[in-house]
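Participant: Okay, handing you the structure first.
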Amino acid sequence: MTKQELCAEIAEIMEIEDEITEQTDLKKYEEFDSLAIMSIVALVNSRFGKKIPGTALQQINTAGDLIALIGEGAFSD
Amino acid sequence: MFPISVCFPSKELSNEDLHRIFSDFNAEKVAKKIGVTSRHVAAAGETALDLAAGAAENLFAANPELRAQTDYLLFCTQSPDYFLPTGACILQDRLGLSRQIGALDFNLGCSGFVYGLSLAKGLLGSGIASGVLLLTAETYTRYLHPEDRGNRAIFGDGAAAVFLNPEDAARIGGFFLGTDGRGRDNLIVRNGGARHAWDPDAAGKEAGMNSTYSDNHLYMNGPEIFNFTIEAVPAMVRRVLEKNRLTMDEINYVIFHQANSFMLSYLRTLIGIPSDRFYMNLEHTGNTVSSTLPIALADAERRKLISAGDKVLIAGFGVGYSYGATVLTI
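Which chain is which? The protein sequence lines are B and W, in order.
If you're matching positions, the first sequence starts at 214 in the numbering used here and goes up one per residue.
If you're matching positions, the second sequence starts at -8 in the numbering used here and goes up one per residue.
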């Protein structure tokens, strides 16, 4: 998965039309709610086999933050 | 299968009702994501004990002989009427049960029914009891902050009653039981017990999904609970199968605690359980905590999703964290 694909998946989870980039402030969207975060946890678990700890979850503001948590090396860019 | 009866408060709260209360509540999204379109809500003055008594009376109406056969009462709730006395003692009197019985409460949430079965099996297998009435009842909606949209969508109130005799107990297989108190802060009503007094000035806090809670109310860290289930539930399923010397192919049906449909679908895929052997229905009840498993078992039997001789794997998991699973032979 590329970083762009992850951003697109996040937009799909949030059901928003806007294009999400690594810098987009996700917290400004009301769609970035606990249901969306749960879906992102599921996505990261199934695609990367990784568990994001709860404390780190609360500090995610952008897709870039999530990419850093998953690890740059996990992406196929 | 052992007899099961349920009881719900008469008041129902639909997604449309929630939308009327909270104009920003997206009913369609909630129905799609968590699988709930309406839930029952206890009225003012209606307690978990009342619902438990209702479920027990429904059980006795269908099986009148069981009232006299009950010689042990187990009552699972986290919404007790009083700090003391014990709810099960009040229920002994209210249900007109013999005074020659054992009765106790136990405080567990989503794992409560499985733990209740483990206690009942122990009591019946050891000869301490010959007829166990196991009651589960919860009114989590009473713990919710008025502005807590997210949890109001998920949780519903309800109760269930089951009766087990030694033959029923012999049809309950081996258990896997798990506990991890490190998760205690992720699903908690912090104030009002002995540790932290109820605080008349407790401030509202942001809980995501435009929801609010305070330390006097129920707080749930949904994503973190989800993390716990991803880790604990697949391993629990593997271990309970090992314990019963079974493989998933030999299991006719799987019923998990009905937490929310998104979580259930994810766990089903993660573990690799075929969808036609996996129960999912919380549309009209929501998450009723310790009662989801007996409600589901009764519903599955009524809809002939399970029948005599079937091996049914049941698993509960949540608040504590506490989790447990077993295999029933129907």
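C-beta: ideal position from N, C-alpha, C; glycine also.
This one's a predicted model, so the numbers in the text were calculated from it and none came from an experiment.
I'd like to know whether the C-beta atoms of W:Leu209 and W:Tyr131 end up nearer to each other than 8 Å.
Facilitator: What you label residue 209 of chain W is simply residue 218 of the second sequence in a count that begins at 1. What you label residue 131 of chain W is simply residue 140 of the second sequence in a count that begins at 1. Going by C-beta atoms, W:Leu209 is nearer than 8 Å to W:Tyr131.
Participant: Which partner residues of W:Asp96 appear in the DSSP bridge assignment?
Facilitator: Position 105 of the second sequence, counting from 1, holds the residue named residue 96 of chain W. For W:Asp96, which the question treats as bridged, DSSP gives the partners W:Phe66.
Participant: Please check the pair W:Ala22 and W:Arg133, which I expect to be a contact at CB under 8 Å, by giving their CB distance rounded to whole angstroms.
Facilitator: The count along the second sequence starts at 1 and reaches residue 22 of chain W at position 31. The count along the second sequence starts at 1 and reaches residue 133 of chain W at position 142. The pair is not a contact, with the Cβ atoms about 24 Å apart (cut-off 8 Å).
Participant: Give the residues of chain B in contact with W:Pro214, contact being defined as C-beta atoms less than 9 Å apart.
Facilitator: Here residue 214 of chain W refers to the residue found at position 223 when the second sequence is read from its first residue. Ordered by position in chain B, the residues that pass the 9 Å Cβ test against W:Pro214 are Ser247, Ile250, Met251, Ile253, Val254, Ile265, Gly267, Leu270, Gln271.
Participant: What does DSSP give as the partner residue(s) for W:Leu168 in the beta ladder?
Facilitator: The count along the second sequence starts at 1 and reaches residue 168 of chain W at position 177. W:Gly315, per the DSSP bridge assignment.
Participant: Under a Cβ-count criterion, where at least 16 other Cβ atoms within 10 Å of its own Cβ denotes burial, should W:Lys295 be classed as buried or exposed?
Facilitator: Within the second sequence, the letter at position 304 stands for residue 295 of chain W. Residue environment for W:Lys295: exposed (fewer than 16 other C-beta atoms within 10 angstroms of its C-beta).
Participant: Chain W partners of B:Asn274, CB-CB under 7 Å?
Facilitator: Along the first sequence, read from residue 1 onward, the residue named residue 274 of chain B stands at position 61. The premise fails here: B:Asn274 is roughly 14 Å from chain W at the closest Cβ pair, so nothing lies under 7 Å.
Participant: Which residues of chain B have a Cβ atom closer than 9 Å to the Cβ of W:Lys24, listed in chain order?
Facilitator: By 1-based counting over the second sequence, the position of residue 24 of chain W is 33. Those within 9 Å of W:Lys24 in chain B are Leu248, Met251, Ser252.
Participant: If you count every other CB in all the chains shown that lies within 10 Å of the CB of B:Ala281, and 16 or more means buried, which is it?
Facilitator: Taking the first residue of the first sequence as 1, we reach residue 281 of chain B at position 68. With fewer than 16 other Cβ atoms within 10 Å, it is exposed.
Participant: How is W:Glu7 classed by DSSP in three states: helix, strand or coil?
Facilitator: Here residue 7 of chain W is taken as the residue at index 16 of the second sequence, counted from 1. Three-state DSSP puts W:Glu7 in a helix.
Participant: Which stretch, first to last residue, makes up the alpha helix (DSSP H) that contains W:Arg30?
Facilitator: To locate residue 30 of chain W, count along the second sequence from 1; it is residue 39. Careful: W:Arg30 lies outside any alpha helix (DSSP H), inside the beta strand (DSSP E) at 29 to 31.
Participant: With DSSP as the reference, please indicate the residues paired to W:Glu129 in a beta bridge.
Facilitator: Taking the second sequence and counting its residues from 1, the one referred to as residue 129 of chain W is at position 138. Note: W:Glu129 sits in a beta bridge opposite W:Gly149.
Participant: Cα-Cα, which of W:Ala185, W:Phe154, W:Ile163, W:Ala287 is closest to W:Asn235?
Facilitator: Along the second sequence, read from residue 1 onward, the residue named residue 235 of chain W stands at position 244. Comparing Cα-Cα distances from W:Asn235 to each of W:Ala185, W:Phe154, W:Ile163, W:Ala287, the minimum goes to W:Ile163.
Participant: Cβ of W:Arg268 within 8 Å of Cβ of W:Asn243?
Facilitator: On the second sequence, position 277 is the one that residue 268 of chain W refers to. On the second sequence, position 252 is the one that residue 243 of chain W refers to. Yes, these two residues count as a Cβ contact at 8 Å.
Participant: Can you tell me the Cβ-Cβ gap for W:Leu64 and W:Leu82, rounded? I've got them flagged as a contact below 8 Å.
Facilitator: The residue labelled residue 64 of chain W in the question sits at position 73 within the second sequence. The residue labelled residue 82 of chain W in the question sits at position 91 within the second sequence. With a Cβ gap of about 6 Å, W:Leu64 and W:Leu82 count as contacting.
Participant: Check distances from the C-beta atoms of the segment 285 to 314 of chain W to those of chain B and list, in chain order, the residues that come in under 7 Å.
Facilitator: none
Participant: When the Cα of W:Met271 is compared with those of W:Leu319, W:Lys20, W:Ala250, which residue comes out closest?
Facilitator: For the purposes of this step, residue 271 of chain W is taken as the residue at position 280 of the second sequence. The option with the nearest alpha carbon to W:Met271 is W:Ala250.
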